[in-house]
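Undergrad: Structure in structure tokens, see below.
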Amino acid sequence: SVDPQKTAFLLCKAWTLYSVTPLYGFRRGRLRQYARLLGAFIAAEKQKGLAVEVGVELDIKVALSSLADLRGSELDQAALLVQLSSRSQAPSRSSEDKLVWSGWFCSMFGGDLSENVPEDFTCLPLFLTHGAETYTSLVGSWFQKTFDCSFRRLAISPLNLSWMVAMWAGCKLDRAASAVELIFSVPRLSHPLDISYAIHPEDAKALWDTVQKTPGEITQEEVDIFMDCLYAHFHRHFKIHLSAAKLVKVSTAVASAHCDGIVKILHSQYLPGVLMLLTELAISQIQ
Amino acid sequence: HLAASLPLPSERDHLRPRIDLVVFMIDIKSKYSLKNVETSLAYVDARFFLGKVCFLVTGVGRVNACSIEMNAVCKLGETYCSPVLFCELELEGVRAATAQRLLQMLRICAGHIPGVSALSFVSLMRSSNDD
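Taken in sequence, the protein lines are chains A and B. In this text, residue positions in the first sequence follow my numbering: the first is 44, and each later residue adds one. In this text, residue positions in the second sequence follow my numbering: the first is 15, and each later residue adds one.
The structure is reproduced here in structure tokens:
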């Protein structure tokens, strides 16, 4: 179980998702050295004029740390957090470092991947970033060069989004929950059209409870029935077949996810569950 | 002849030529298209399922836009003993190649190729299942 204090910074932020191939030659004991090397790399790239933070000349400080709690089982590697902070050149010494970018590698029950990988490889298939894209590519390039890994944006298909909304809508929450929202984009129109379908969270949970047969287990069939009910209800009222449109975003009180691979986790209780699902998606994109 | 769903309107039955092959098109990006095909299958005479029906899954180039579970489609092919073809209509080369395949299947179904009948498709499918 995860300490909610330590993981509070992960919640309520929009994380951009990537899948990462295993890192070669990564040593958990060398984090400080890596931080120095990454800092030097970023400074060098800035000299070359590649990092384009116009305006203030920022000094970037890098911190690497392990999040020992953030893992599923003993087979998982502990999560690795990378934080970039800036110290403005203002004369006042009391000015604190400002966090400008954070990214973390994690593996939540990703045992399938690490089992089949040779020694010397560290499996942390899921990479989540928050902050400017320029920093993401700098950090990514350094990791690629240093550990011979490769990053790929993790897209989430409508099929996987419907799994997420079914799972998350069924979660029990003590507080008043926000609406379950599905956003569809309609193809082949001259002007793009988005349809937003909001459902009262209690209605959504009640529907899922009638569909799910075994608590703790979810089948594709159950997800299909859940979605078909939502589509049928919408069609009855608006005569529109949502099943012909593209599901691009789902939003619940537990978490929200966008097909471009952007996720926001809102509830610490369900953090491991969400990460487990995302780890699975990352692994299937790698394989 | 192109139709959005089955059954075909009965008013034109007497004007319609013999149907040799029915191709059901499923768009991987549209769950609706799968549902539509599933309901339309009920209107096809059983005799067609002896090699004169095939499923064409389109949009397979965009795995990230997938709204349909592939197992469901393959199971459909197995249930109805009919081949499932995959293609990406937006790629001209694939589109042309798929059209050629369908045309060849049509020639066989219409009996234009001596020595080969539509029943060959059914037996081809069975042998791959037994593996």
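Think of the CB as a built atom: it goes at the ideal place given N, C-alpha and C, for glycine as much as any other residue. Given the structure is predicted, the values throughout are model-derived calculations rather than measurements.
Can you give me, in chain order, the residues of the stretch 284-295 of chain A that have a beta carbon less than 9 Å from any beta carbon in chain B?
TA: His284, Leu285, Ser286, Ala287, Ala288, Lys289 and Leu290
Undergrad: When burial is assigned at 16 or more other CB atoms within 10 Å of the CB, is B/Cys88 buried or exposed?
TA: The residue you call residue 88 of chain B lines up with position 74 of the second sequence. With fewer than 16 other Cβ atoms within 10 Å, it is exposed.
Undergrad: For A/Leu54 and A/Ser109, what's the separation of their Cα atoms in angstroms?
TA: Here the question's residue 54 of chain A lines up with position 11 in the first sequence. Here the question's residue 109 of chain A lines up with position 66 in the first sequence. Roughly 18 Å between the two C-alpha positions.
Undergrad: Using alpha carbons as the reference points, say which of A/Arg130, A/Ser116, A/Glu117 and A/Asp112 lies closest to A/Leu123.
TA: Mapped onto the first sequence, residue 123 of chain A falls at position 80. The shortest C-alpha separation from A/Leu123 is found at A/Asp112.
Undergrad: CA-CA distance, B/Ala110 and B/Leu117?
TA: In the second sequence, counting from the first residue as 1, residue 110 of chain B sits at position 96. In the second sequence, counting from the first residue as 1, residue 117 of chain B sits at position 103. Going by the C-alpha atoms only, they are around 10 Å apart.
Undergrad: Let me know the secondary structure DSSP gives A/Arg70 once reduced to three states.
TA: On the first sequence, position 27 is the one that residue 70 of chain A refers to. Coil at A/Arg70, not helix or strand.
Undergrad: Check whether the stretch 172-189 of chain A touches the stretch 34-47 of chain B, taking contact to mean three or more Cβ pairs, one atom from each stretch, closer than 8 Å.
TA: no
Undergrad: Does the beta-carbon of A/Lys292 have 16 or more other beta-carbons within 10 angstroms, so that it is buried, or is it exposed?
TA: For the purposes of this step, residue 292 of chain A is identified with residue 249 of the first sequence, where counting begins at 1. Buried.
Undergrad: I want to see whether chain B comes within less than 7 Å of A/Ala198, judged by CB atoms only; does it?
TA: For the purposes of this step, residue 198 of chain A is identified with residue 155 of the first sequence, where counting begins at 1. Closer than 7 Å: yes.
Undergrad: Quick one: Cα of A/Glu100 to Cα of A/Ser128, how far?
TA: As a first step, residue 100 of chain A must be located in the first sequence, where it is residue number 57. As a first step, residue 128 of chain A must be located in the first sequence, where it is residue number 85. For A/Glu100, the predicted structure reports a pLDDT of 49, less than 50, and the residue's modelled location is therefore unreliable. A value from the coordinates is still provided. Distance between the alpha carbons of A/Glu100 and A/Ser128 is about 13 Å.
Undergrad: Given a limit of 8 Å on CB to CB distance, which residues of the stretch 58-79 of chain B reach chain A?
TA: Val77, Asn78 and Ala79
Undergrad: Mapping DSSP to helix, strand and coil, what is A/Ala275?
TA: Stepping through the first sequence from its first residue, residue 275 of chain A is reached at position 232. Looking at A/Ala275 - three-state DSSP - the assignment turns out to be helix.
Undergrad: Any beta carbon from chain B within less than 7 Å of A/Leu202's own beta carbon?
TA: On the first sequence, residue 202 of chain A is found 159 positions in, with the first residue counted as 1. Yes, A/Leu202 lies at the interface with chain B (some Cβ there is under 7 Å from its Cβ).
Undergrad: Taking CB distances under 7 Å as the criterion, tell me whether A/Gln263 reaches chain B.
TA: Taking the first sequence and counting its residues from 1, one reaches residue 263 of chain A at position 220. It does: the Cβ of A/Gln263 has a partner Cβ on chain B nearer than 7 Å.
Undergrad: Just the C-alpha distance for A/Asn159 and A/Thr165, rounded to the nearest angstrom, thanks.
TA: Within the first sequence, residue 159 of chain A is the residue found at index 116, counting from 1. Within the first sequence, residue 165 of chain A is the residue found at index 122, counting from 1. Approximately 11 Å, taken between the alpha carbons.
Undergrad: Does DSSP put A/Lys248 in a helix, in a strand, or in coil?
TA: Mapped onto the first sequence, residue 248 of chain A falls at position 205. The answer is helix: DSSP assigns A/Lys248 an H, G or I state.
Undergrad: Where does the unbroken beta strand (DSSP E) through A/Lys307 begin, and where does it stop?
TA: Indexing the first sequence from 1 puts residue 307 of chain A at position 264. From DSSP, the beta strand (DSSP E) with A/Lys307 extends over Ile305 to Ile308.
Undergrad: What are the boundary residues of the beta strand (DSSP E) that A/Glu224 is part of?
TA: Working through the first sequence from its first residue, we reach residue 224 of chain A at position 181. Counting along the chain, A/Glu224 sits inside the beta strand (DSSP E) bounded by residues Val223 to Val229.
Undergrad: Between the stretch 239-252 of chain A and the stretch 205-223 of chain A, do at least 3 Cβ pairs fall closer than 8 Å?
TA: yes
Undergrad: Would you say B/Lys89 lies against chain A (beta-carbon separation less than 7 Å)?
TA: If you number the second sequence from 1, residue 89 of chain B lands on position 75. Judged by the 7 Å Cβ criterion, B/Lys89 is not in contact with chain A.
Undergrad: Name the residue from A/Glu139, A/His310, A/Lys282 and A/Ile242 whose alpha carbon lies nearest to the alpha carbon of A/Val297.
TA: In the first sequence, counting from the first residue as 1, residue 297 of chain A sits at position 254. That would be A/His310, whose Cα lies nearest to the Cα of A/Val297.
Undergrad: At the 7 Å Cβ level, is B/Tyr94 part of the contact set with chain A, yes or no?
TA: For this step, residue 94 of chain B is matched to residue 80 along the second sequence. Closer than 7 Å: no.
Undergrad: So B/Glu83 contacts chain A; which residues on that side make the cut at Cβ distance below 7 Å?
TA: Within the second sequence, numbered from 1, the residue matching residue 83 of chain B stands at position 69. Result: Leu202 and Gln263.
Undergrad: Suppose the cutoff is 6 Å on Cβ atoms and the five residues either side in sequence are ignored; what does the same chain contact list for A/Val317 look like?
TA: On the first sequence, residue 317 of chain A is found 274 positions in, with the first residue counted as 1. Closer than 6 Å at the Cβ level, and outside the excluded window around A/Val317, lie Ala298 and Ile308.
Undergrad: At 4 residues or longer, and completely inside the stretch 77-165 of chain A: list those alpha helix (DSSP H) runs for me, N to C.
TA: Runs of the alpha helix (DSSP H) inside the stretch 77-165 of chain A: 154-158.
Undergrad: Go ahead and pull the three-state DSSP assignment for A/Ala241.
TA: Taking the first residue of the first sequence as 1, we reach residue 241 of chain A at position 198. In the structure shown, A/Ala241 sits in a strand (DSSP, three-state: E or B).
Undergrad: Would A/Arg196 and A/Gly304 be called neighbours here (beta carbons separated by less than 7 Å)?
TA: Here residue 196 of chain A refers to the residue found at position 153 when the first sequence is read from its first residue. Here residue 304 of chain A refers to the residue found at position 261 when the first sequence is read from its first residue. Closer than 7 Å, so yes.
Undergrad: Whose CA, out of B/Arg115, B/Pro31 and B/Gly107, lies closest to the CA of B/Phe69?
TA: Translated into the one-based positions of the second sequence, residue 69 of chain B becomes position 55. Measuring from the Cα of B/Phe69, the nearest candidate turns out to be B/Arg115.
Undergrad: Would the beta-carbon of A/Gln330 fall within 7 Å of that of A/Ser62?
TA: Residue numbering aside, residue 330 of chain A sits at position 287 when the first sequence is read from its first letter. Residue numbering aside, residue 62 of chain A sits at position 19 when the first sequence is read from its first letter. Result no, Cβ atoms of A/Gln330 and A/Ser62 do not sit closer than 7 Å.
Undergrad: Who does B/Asp41 pair with in a DSSP beta bridge?
TA: Mapped onto the second sequence, residue 41 of chain B falls at position 27. B/Thr72, per the DSSP bridge assignment.
Undergrad: Does B/Ser54 get closer than 7 Å to chain A when you measure Cβ to Cβ?
TA: On the second sequence, residue 54 of chain B is found 40 positions in, with the first residue counted as 1. B/Ser54 does not count as touching chain A.
Undergrad: Can you tell me whether DSSP reads A/Thr322 as helix, strand or coil?
TA: Here residue 322 of chain A refers to the residue found at position 279 when the first sequence is read from its first residue. A/Thr322: helix per DSSP, three-state reduction.
Undergrad: Within a Cβ cutoff of 7 Å, which residues of the same chain sit near A/Gly68, ignoring the five residues on either side of it in sequence?
TA: As a first step, residue 68 of chain A is located in the first sequence; it is residue number 25 there, counting from the start. Contacts found: Asp163 and Phe190.
Undergrad: So, is A/Ile360 buried or exposed, given that buried needs 16 or more other C-beta atoms within 10 angstroms?
TA: The structure shown has nothing for residue 360 of chain A, since chain A only spans 44 to 330.
Undergrad: With DSSP collapsed to three states, give me the class of B/Gly107.
TA: Stepping through the second sequence from its first residue, residue 107 of chain B is reached at position 93. B/Gly107: helix per DSSP, three-state reduction.
Undergrad: Does any CB atom of chain B fall closer than 7 Å to the CB of A/Thr59?
TA: Here the question's residue 59 of chain A lines up with position 16 in the first sequence. For A/Thr59, the answer is no, since every Cβ of chain B falls outside 7 Å of its Cβ.
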